Amino acid sequence: MENSYDVIVLGGGAAGLTAGIYLSRAKVKTLILNEGMVGGQMVLTYEIANYPGIELTSGYQLSMTMKKQAESFGCDIKQNINISEVDLSGEIKKVVVGEKTYTSKAIIIASGGRSRNLGVQGEGTFKGRGISYCATCDGDFYTGQDIIVVGGGNSALEEAVSLTKYAKSVTIIHQFDHFQAFEHAIEVAKANEKISFIMKSSIDGFYGDEKVKYVNIKNLETEEVYKKEIDGVFIFIGYAANSDKFKNQVAINNYGEIISDNNMSTNTKGVFVAGDVREKKIRQITTAVSDGAIAAVNTIEYIQK
Ligand SMILES: Cc1cc2nc3c(=O)[nH]c(=O)nc-3n(C[C@H](O)[C@H](O)[C@H](O)COP(=O)(O)OP(=O)(O)OC[C@H]3O[C@@H](n4cnc5c(N)ncnc54)[C@H](O)[C@@H]3O)c2cc1C
Numbered sequence: 023m024e025n026s027y028d029v030i031v032l033g034g035g036a037a038g039l040t041a042g043i044y045l046s047r048a049k050v051k052t053l054i055l056n057e058g059m060v061g062g063q064m065v066l067t068y069e070i071a072n073y074p075g076i077e078l079t080s081g082y083q084l085s086m087t088m089k090k091q092a093e094s095f096g097c098d099i100k101q102n103i104n105i106s107e108v109d110l111s112g113e114i115k116k117v118v119v120g121e122k123t124y125t126s127k128a129i130i131i132a133s134g135g136r137s138r139n140l141g142v143q144g145e146g147t148f149k150g151r152g153i154s155y156c157a158t159c160d161g162d163f164y165t166g167q168d169i170i171v172v173g174g175g176n177s178a179l180e181e182a183v184s185l186t187k188y189a190k191s192v193t194i195i196h197q198f199d200h201f202q203a204f205e206h207a208i209e210v211a212k213a214n215e216k217i218s219f220i221m222k223s224s225i226d227g228f229y230g231d232e233k234v235k236y237v238n239i240k241n242l243e244t245e246e247v248y249k250k251e252i253d254g255v256f257i258f259i260g261y262a263a264n265s266d267k268f269k270n271q272v273a274i275n276n277y278g279e280i281i282s283d284n285n286m287s288t289n290t291k292g293v294f295v296a297g298d299v300r301e302k303k304i305r306q307i308t309t310a311v312s313d314g315a316i317a318a319v320n321t322i323e324y325i326q327k
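This is the structure we're talking about:
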């Protein structure tokens with residue numbers, strides 16, 4: 023019964039690792055299967071300043087500490103694997119990885135999500151070094167500085183306004199001549215003296231050394247490209263939950279997020295969900311950790327029944 027577990031956690035970010043800690047500490051035989059590197063989005067985060075009890079840490083360090091803690095209680099963790107098939111329908115759940123089929127009595131889906139990228143020159147290099155996808159996480163790092171917000175939906179406009187608490191100036195760059203946000207959000211942004219707008223334009227590339235120093239902005243009407251010096255850029259052009267593998271197996275909303283109740287139960291028996299992949303408003307490490315703990319405790323109750 024080498025490949026048979028009490029619980030399999032799909033995803034080893036903050037939510038999955040927390041679930042792993044709680045489950046293994048309760049002597050529940052647990053396997054975390056993670057398609058990427060353990061830590062998930064935390065690993066992309068250069069500095070974390072809002073995780074309670076730790077004044078400042080790197081996302082990599084926090085990930086490795088959580089991994090070590092889960093393993094210290096006996097949690098099996100396999101990372102950088104490729105899951106080819108998941109069957110959540112029966113009493114016994116099945117997950118296929120290469121030649122192996124892992125089985126369990128319950129599943130916690132903690133596969134997280136990803137911010138949509140612009141996909142232009144330098145974005146990968148400067149992610150977490152002047153490019154951010156999260157105002158709550160990183161706004162404070164740009165106190166008194168000049169920043170750009172990319173996007174034209176509700177998130178972009180609302181986050182731009184929230185960033186004016188810190189930044190000296192916020193320039194919103196949007197590809198169209200109009201916004202796709204609620205009228206109220208547009209009015210609030212337009213009334214804010216710190217916010218200016220560059221419409222019908224997009225960022226063509228990010229440049230700098232240790233951090234972003236300037237961007238190239240392309241006017242999409244005239245095709246003119248020009249340079250703008252900047253301290254930071256926040257990109258809000260959408261978010262995607264990593265739920266593709268679970269379609270038709272659990273209830274998913276129109277945005278691809280998995281629907282759950284307050285106990286992190288999905289509509290499929292024995293399947294729980296935690297973290298950014300779930301339908302919710304606030305996506306932070308603290309909320310992922312909280313979901314992971316709740317999912318684990320309720321999963322234990324489920325398998326004991
Ligand atoms: C650049 C950046 C900076 C941030 N800064 C902060 C911050 O300062 N403070 C803060 O609180 N929050 C911050 N956040 C948000 C925070 O990182 C996330 O909300 C949190 O880490 C989400 O954790 P998670 O476990 O739900 O998902 P994730 O971190 O996304 O982890 C999910 C894991 O599951 C894996 N996976 C995907 N699909 C599958 C599958 N089918 N099967 C198995 N595994 C799968 C992924 O590879 C990944 O490793 C930041 C996010 C980003 C992108």
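Numbering (our numbering), first residue to last: 23 to 327.
Heads up, the beta-carbon is just placed ideally off N, CA and C, and yes, glycines get one too.
Note that the coordinates shown come from a computational prediction; the quantities given were computed from them, not determined experimentally.
Exercise for the section: Tell me whether the beta-carbon of Gly254 lies closer than 8 Å to the beta-carbon of Tyr155. Expected result: For Gly254 and Tyr155, no; Cβs fall outside 8 Å.
Exercise for the section: Could you have a look at Phe163 and say whether DSSP puts it in helix, strand or coil? Expected result: Helix at Phe163.
Practice task
Please work out which residues of its chain come closer than 8 Å, Cβ to Cβ, to Gln197, disregarding the five sequence neighbours upstream and downstream, and give them in chain order.
Solution key: Taking Gln197 as the centre and dropping the five residues before and after it, the same chain places the C-beta of Gly174, Lys222, Ser223, Ser224, Leu242 closer than 8 Å to its C-beta, in chain order.
Handout entry: 8 Å CB neighbourhood of Ser80 in its chain, flanking five on each side removed
Key = Correct list, in chain order: Thr67, Tyr68, Glu69, Ile70.
Problem - Distance cut-off 7 Å: Asp253 Cβ against heavy atoms of ligand 1 - result: No - ligand 1 has no heavy atom lying nearer than 7 Å to the Cβ of Asp253.
Problem - Segment limits, alpha helix (DSSP H) that includes Asp313 - result: That run of the alpha helix (DSSP H) goes 307–326.
Problem - Rounded distance between the beta-carbons of Ile217 and Val192, thought under 8 Å - result: Indeed they touch by this definition, with Cβ atoms about 5 Å apart.
Exercise for the section: Please report how far the alpha carbon of Ile129 lies from the alpha carbon of Val293, in whole angstroms. Expected result: Answer to the nearest angstrom: the Cα atoms are 5 Å apart.
Exercise for the section: Leaving aside the five residues before and after Gly96 along the sequence, list all residues of the same chain whose C-beta is less than 6 Å from its C-beta, in chain order. Expected result: Only residues of its own chain outside the window of five on either side were considered, and among them Ser46 have a CB closer than 6 Å to the CB of Gly96, listed in chain order.
Handout entry: Cβ neighbours of Ala262 in the same chain (closer than 7 Å, five flanking residues each side left out)
Key = Cβ within range, chain order: Gly135, Arg136, Arg138, Gly278.
Exercise for the section: Would you list, in sequence order, the uninterrupted alpha helix (DSSP H) runs of no fewer than 4 residues that lie entirely inside the segment 162–246? Expected result: Restricted to the segment 162–246, the alpha helix (DSSP H) segments that are unbroken, complete and at least 4 residues in length are 176–185, 205–213, listed in chain order.
Practice task
Taking all protein chains shown into account, decide if Gly314 is buried (16 or more other Cβ within 10 angstroms of its Cβ) or exposed.
Solution key: Here Gly314 is buried: its Cβ has 16 or more other Cβ atoms, across all protein chains shown, within 10 Å.
Exercise for the section: Give me the Cα-Cα distance between Val31 and Ile220, rounded to the nearest whole angstrom. Expected result: Val31 and Ile220 have their alpha carbons spaced roughly 44 Å apart.
Problem - Cβ-based burial, Asp28 [other Cβ within 10 Å; buried from 16] - result: It is buried - the Cβ of Asp28 has at least 16 other Cβ atoms within 10 Å.
Exercise for the section: Report the rounded CA-to-CA distance for Lys302 versus Glu24, giving the unit in angstroms. Expected result: Rounded to the nearest angstrom, the two C-alpha atoms are 36 Å apart.
Practice task
Go through its chain and collect everything with a Cβ distance to Ser282's Cβ below 6 Å, but skip five positions before and after it.
Solution key: Leaving aside the five residues that flank Ser282 on each side, the residues in its chain whose CB is nearer than 6 Å to its CB run, in chain order, Thr288, Val295, Arg300.
Practice task
Indicate whether Val60 and Ile99 have their beta-carbon atoms separated by less than 8 Å.
Solution key: Val60 places its beta carbon less than 8 Å from that of Ile99.
Problem - N- and C-terminal bounds of the beta strand (DSSP E) containing Phe148 - result: That residue, Phe148, is in no beta strand (DSSP E); its alpha helix (DSSP H) goes 145–148.
Handout entry: Glu107, buried or exposed, once every other Cβ within 10 Å from all chains shown has been counted against 16
Key = Answer is exposed; the Cβ neighbour count stays below 16.
Handout entry: Nearest-angstrom beta carbon gap, Ile54 and Ile280 [assumed within contact, 8 Å]
Key = Contact doesn't hold; Cβ gap of about 18 Å is too wide.
Practice task
Say yes only if the C-beta of Ala141 is nearer than 7 Å to one or more non-hydrogen atoms of ligand 1, and no if none qualify.
Solution key: It is Gly, not Ala, that sits at residue 141 in the sequence shown. Shortest gap from the CB of Gly141 to any heavy atom of ligand 1: 7 Å or more.
Handout entry: Nearest residue (CA-CA) to Tyr236, options Leu185, Leu179, Ile76, Arg151
Key = Of the listed residues, the one whose Cα sits closest to Tyr236 is Arg151.
Practice task
Would you kindly work out how many angstroms separate the C-alpha atoms of Lys49 and Val117, rounded to a whole number?
Solution key: Lys49 and Val117 have their C-alpha atoms some 22 Å from each other.
Problem - Start and end residues, alpha helix (DSSP H) containing Ala37 - result: Counting along the chain, the alpha helix (DSSP H) containing Ala37 begins and ends at 36–47.
Practice task
Might you give, ordered along the chain, the residues of its own chain that have their beta carbon closer than 7 Å to the beta carbon of Ala182, omitting 5 neighbours on each side?
Solution key: If you ignore the 5 residues before and after Ala182, its C-beta comes within less than 7 Å of the C-beta of Val171, Val192, Ile194, Ala211, Ile217, all in its own chain and listed in chain order.
Practice task
Could you check what DSSP says for Thr52 in three-state terms: helix, strand or coil?
Solution key: Thr52 falls in the strand class under three-state DSSP.
Exercise for the section: Return yes when the C-beta of Ile257 is under 7 Å from any heavy atom of ligand 1, and no when it is not. Expected result: Not one heavy atom of ligand 1 sits closer than 7 Å to the Cβ of Ile257.
Exercise for the section: For the alpha helix (DSSP H) holding Glu93, just list the boundary residues, first then last. Expected result: The continuous alpha helix (DSSP H) containing Glu93 extends over residues 81–94.
Practice task
Kindly examine ligand 3 and report whether one of its heavy atoms sits closer than 7 Å to the Cβ of Lys100.
Solution key: As far as ligands go, the structure on display features ligand 1 and does not contain ligand 3.
Exercise for the section: Using three-state DSSP, classify Asp98 as helix, strand or coil. Expected result: Looking at Asp98 - three-state DSSP - the assignment turns out to be strand.
Practice task
Look at the Cβ atom of Phe268, then the Cβ atom of Ser177, and state whether they are nearer than 8 Å.
Solution key: Not a contact, by the Cβ cut-off of 8 Å.
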